Amino acid sequence: MEKLPIVVAIPTKNEAENITTTVRSVIDHFESVVVVDSDSTDDTRALAKEAGAEVLPYTWDGGYPKKKQWCLEHVHPERDWLLFLDGDETPSQELLIELRRLFTVPPGRTVRPAAFDIPLGYWFGGRRLRHGYTIVKRALLDRTRSRFPEPDDLDAPGMGEQEGHYQPLVDEGAEVATLGAPIEHRDLDPVRTWFDRHNRYSDWEAWLEHHPEVREQIRRAKTRQGQLFHRAPFKPLLSFGYAYVYKRGFLDGRAGFDYALAMSFYRWQIGLKARELRQAAEQRQFSAPR
23 MEKLPIVVAI PTKNEAENIT TTVRSVIDHF ESVVVVDSDS TDDTRALAKE
73 AGAEVLPYTW DGGYPKKKQW CLEHVHPERD WLLFLDGDET PSQELLIELR
123 RLFTVPPGRT VRPAAFDIPL GYWFGGRRLR HGYTIVKRAL LDRTRSRFPE
173 PDDLDAPGMG EQEGHYQPLV DEGAEVATLG APIEHRDLDP VRTWFDRHNR
223 YSDWEAWLEH HPEVREQIRR AKTRQGQLFH RAPFKPLLSF GYAYVYKRGF
273 LDGRAGFDYA LAMSFYRWQI GLKARELRQA AEQRQFSAPR
């Protein structure tokens with residue numbers, strides 16, 4: 023079977039629980055599969071190599087480019103197209119079929135869009151969610167026409183080497199298309215790791231609330247849904263109502279309720295931390311020498 027002319031980049035750090043499944047899901051379908059690892063202390067690198075992936079070390083220097091943009095610049099740059107997968111993600115069989123249809127083009131023709139948004143088949147609490155809040159990632163990029171933004175958030179806590187919650191940008195006038203088939207996001211780690219990650223993410227989001235100029239830079243690099251939600255009031259209640267009621271998350275049973283509640287709690291964390299930062303700033307201003 024001819025392999026797709028796409029490089030798969032898998033940024034990792036301590037993904038031993040998931041990485042073998044992820045690499046095996048793509049190794050026979052794509053021309054190159056590269057795990058870009060940030061000093062994992064578990065067996066991530068050894069397991070990735072055993073499954074057939076190339077492994078590249080990555081150490082963040084504290085500035086830009088961050089990890090995904092570094093992948094765009096350094097991971098097999100001779101190939102224009104790069105697909106990002108997390109260490110706990112696999113392409114569905116339907117997505118592989120869709121990609122073969124798109125990238126089987128006659129000589130001399132090119133794929134017109136500069137990037138593709140791909141929906142996530144999200145798993146939470148051990149169950150595949152079919153309803154509720156949906157996530158779409160701009161995960162397939164023509165690196166000659168795409169790049170990640172560089173907002174002024176290097177001093178923000180929470181994200182570190184990884185780009186924040188925003189989409190890569192495409193050249194002015196370039197097209198972005200949306201694929202129908204999903205990437206399956208099935209994290210085998212215990213659910214506490216979800217809360218650990220989102221605790222860090224909420225630090226970043228709260229910091230943005232006190233840096234409106236950076237917040238606006240990031241808002242422009244979000245999906246349309248993300249841009250609308252960025253401005254919405256009463257985010258915890260709105261998040262739960264949107265996912266559990268409007269998007270019928272209740273049809274996913276207990277897992278649908280748990281995920282809607284977890285996302286609402288995440289929004290509440292952001293608001294609470296933002297208020298704490300504001301109070302601290304006001305206290306410093308009040309106690310400063312006059």
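Residue numbers (our numbering): 23 to 312.
For every residue, glycine included, the Cβ atom is placed at its ideal position computed from N, Cα and C.
Owing to the predicted nature of the structure, the values given are computational and were not obtained by experimental measurement.
Q. Just the Cα atoms here: how many angstroms apart are D177 and P171?
A. Taking the CA atoms as reference points, D177 sits about 16 Å from P171.
Q. If you compare alpha carbons, which of R237, I292, L117 and I205 is closest to L151?
A. I205
Q: Give me the Cα-Cα distance between A284 and L230, rounded to the nearest whole angstrom.
A: 21 Å
**Q.** V55 beta carbon less than 8 Å from that of Y80
**A.** no
Q. Shortest alpha-carbon distance to P258 belongs to which of L273, Q239, I240 and A282?
A. A282
Q.
For a test of the three-state rule: what should DSSP assign to W82, helix, strand or coil?
A. coil
Q: For the segment 146-231, list the alpha helix (DSSP H) runs that are entirely contained and at least 4 residues long, ordered along the chain.
A: 214-231
Q: With DSSP as the reference, label L107 as helix, strand or coil.
A: coil
(Q) Taking the straight line between their C-alpha atoms, what separation do you get for D102 and L163? (A) Here the alpha carbon of D102 sits roughly 8 Å from the alpha carbon of L163.
Q) Are the CB atoms of N40 and D139 nearer to each other than 8 Å? A) no
**Q.** Rounded separation between T112 and I32 - CA only
**A.** 11 Å
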